[in-house]
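**Student:**
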Ligand SMILES: C[S@@+](CC[C@H](N)C(=O)[O-])C[C@H]1O[C@@H](n2cnc3c(N)ncnc32)[C@H](O)[C@@H]1O
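Residue numbers (the working numbering): 24 to 293.
This is the structure in structure tokens:
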């Protein structure tokens, strides 16, 4: 296993229990039956009843199980054994039917053309070196005519320096897209800033053109690409908490897309 993947996996293994207990992930509300799937995703994913749905990088299965509750026949895949174990425990605790599979998202151990919808969101593709391989795996999992929904932090927003004061202007620090990963040393957790964890992670930047071209080359027809004014985590210190779920630009700031929603349909076999 390469150093990048090994470090990233160690990070994800270390945060599962912190996330499960965090307010950010709203697991208590989920346990009480609240639909905690965020509205941007909920509006775009539509009616999932009876649909075979694959959730890529499902973490500990919260969104996957929310989609099961909405009537989908769900499978979640993630490379973190602890996340998969926790997702299975959460499914059995809540009595929701779901399959959780441990594996790399670029080569998931799943049958081809077995899904109607492939879905991923919020902090998925930055962990992926080869976005073309990610798109090929998503396309391969879908039956022809099946849908991809990817909701993500916007690459323009991801360029900005997050190590600044809340009153600073936005300053570019990271490349718009990169072949080599950015190494980030971390000492706190995004979902629970009081949790003390330490280590290194390696993340990649993928530009809009790179993402769309990877999707097209994998056999997708792009149906829409929306640039959004909200993001699901406190990605930059200048952002303000807009409601229970999203962070947004401060009043008067020039528009910077904070997130995107890509919808595509599998049209062919590549
Ligand atoms: C930010 S989380 C995904 C967010 C998800 N929307 C959520 O909040 O539940 C990123 C996930 O990607 C997984 N991951 C990272 N690299 C992966 C890879 N190469 N294959 C499979 N899973 C991966 C991590 O284990 C983690 O669970």
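C-beta: ideal position from N, C-alpha, C; glycine also.
Short of 6 Å in beta carbon distance, which residues of its chain neighbour residue 184, apart from the five on each side in sequence? Order them along the chain.
**Tutor:** 194 and 196
**Student:** Could you pull the start and end residues of the beta strand (DSSP E) that residue 299 belongs to?
**Tutor:** This structure leaves residue 299 out entirely; the chain is present only between 24 and 293.
**Student:** Identify every residue that forms a DSSP beta bridge with residue 183.
**Tutor:** Beta-bridge pairing by DSSP links residue 183 to 195.
**Student:** Tell me residue 264's beta-bridge partners as DSSP assigns them.
**Tutor:** 270
**Student:** Which residue from 107, 92, 52 and 68 puts its Cα closest to that of residue 124?
**Tutor:** The shortest C-alpha separation from residue 124 is found at 107.
**Student:** What first and last residue would you give for the alpha helix (DSSP H) that runs through residue 276?
**Tutor:** It is not in any alpha helix (DSSP H) - residue 276 carries neither H nor E in the DSSP assignment.
**Student:** Would you say the beta carbon of residue 102 is closer than 7 Å to some non-hydrogen atom of ligand 1?
**Tutor:** yes
**Student:** What would DSSP say about residue 58, mapped onto helix, strand or coil?
**Tutor:** In the structure shown, residue 58 sits in coil (DSSP, three-state: anything other than H, G, I, E or B).
**Student:** Using 10 angstroms around the beta-carbon of residue 148, count the other beta-carbons present and answer buried if the total reaches 16, otherwise exposed.
**Tutor:** buried
**Student:** If we ignore side chains and look at the alpha-carbon of each, how far apart do residue 273 and residue 261 end up?
**Tutor:** CA-to-CA, the gap between residue 273 and residue 261 works out to about 7 Å.
**Student:** Which complete alpha helix (DSSP H) runs does the segment 98-127 hold, if anything under 4 residues is left out?
**Tutor:** 104-117
**Student:** Using the rule of at least 16 other Cβ atoms within 10 Å of the residue's Cβ for burial, across every protein chain shown, is residue 74 buried or exposed?
**Tutor:** buried
**Student:** In or out: residue 159 buried (at least 16 other Cβ within 10 Å) or exposed?
**Tutor:** buried
**Student:** I need the DSSP call for residue 30, collapsed to helix, strand or coil.
**Tutor:** helix
**Student:** Quick one, which of 67, 155, 281 and 100 has its alpha-carbon nearest residue 175's?
**Tutor:** The shortest Cα separation from residue 175 among 67, 155, 281 and 100 belongs to 281.
**Student:** For the beta strand (DSSP E) that contains residue 176, what are its first and last residues?
**Tutor:** 165-176
**Student:** Whose CA, out of 255, 265, 224 and 287, lies closest to the CA of residue 347?
**Tutor:** This structure leaves residue 347 out entirely; the chain is present only between 24 and 293.
**Student:** For residue 215, which residues in the same chain have their Cβ closer than 8 Å to its Cβ, ignoring the five residues on either side in sequence?
**Tutor:** 41, 42, 44, 45, 46 and 47
**Student:** State the start and end residues of the unbroken alpha helix (DSSP H) segment that holds residue 234.
**Tutor:** 231-240
**Student:** Does DSSP classify residue 95 as helix, strand or coil?
**Tutor:** Correct three-state label for residue 95: coil.
**Student:** Let me know the secondary structure DSSP gives residue 158 once reduced to three states.
**Tutor:** helix
**Student:** Can you give me the C-alpha to C-alpha distance between residue 35 and residue 169, rounded to a whole angstrom?
**Tutor:** 30 Å
**Student:** Hey, would you say the C-beta of residue 31 is under 7 Å away from at least one heavy atom of ligand 1?
**Tutor:** Under cutoff, so the answer is yes.
**Student:** Taking a contact to mean a Cβ-Cβ separation below 8 Å, would you say residue 89 touches residue 53 in this structure?
**Tutor:** yes
**Student:** For residue 131, does the count of other Cβ atoms within 10 angstroms reach 16, so buried, or fall short, so exposed?
**Tutor:** Around the beta carbon of residue 131, a 10 Å sphere encloses 16 or more other beta carbons of the protein chains shown; the residue is thus reported as buried.
**Student:** At which residues does the beta strand (DSSP E) containing residue 287 begin and terminate?
**Tutor:** 282-289 is the span of the beta strand (DSSP E), which, as asked, contains residue 287.
**Student:** Run through the DSSP bridge pairs and tell me what residue 228 is partnered with.
**Tutor:** In the DSSP output, where bridge partners are listed per residue, residue 228 has none listed.
**Student:** CA-CA distance, residue 255 and residue 267?
**Tutor:** 10 Å
**Student:** What distance in whole Å lies between the Cβ atoms of residue 248 and residue 278, which are believed to be in contact at a cut-off of 8 Å?
**Tutor:** Contact flag wrong, Cβ pair sits at about 16 Å.
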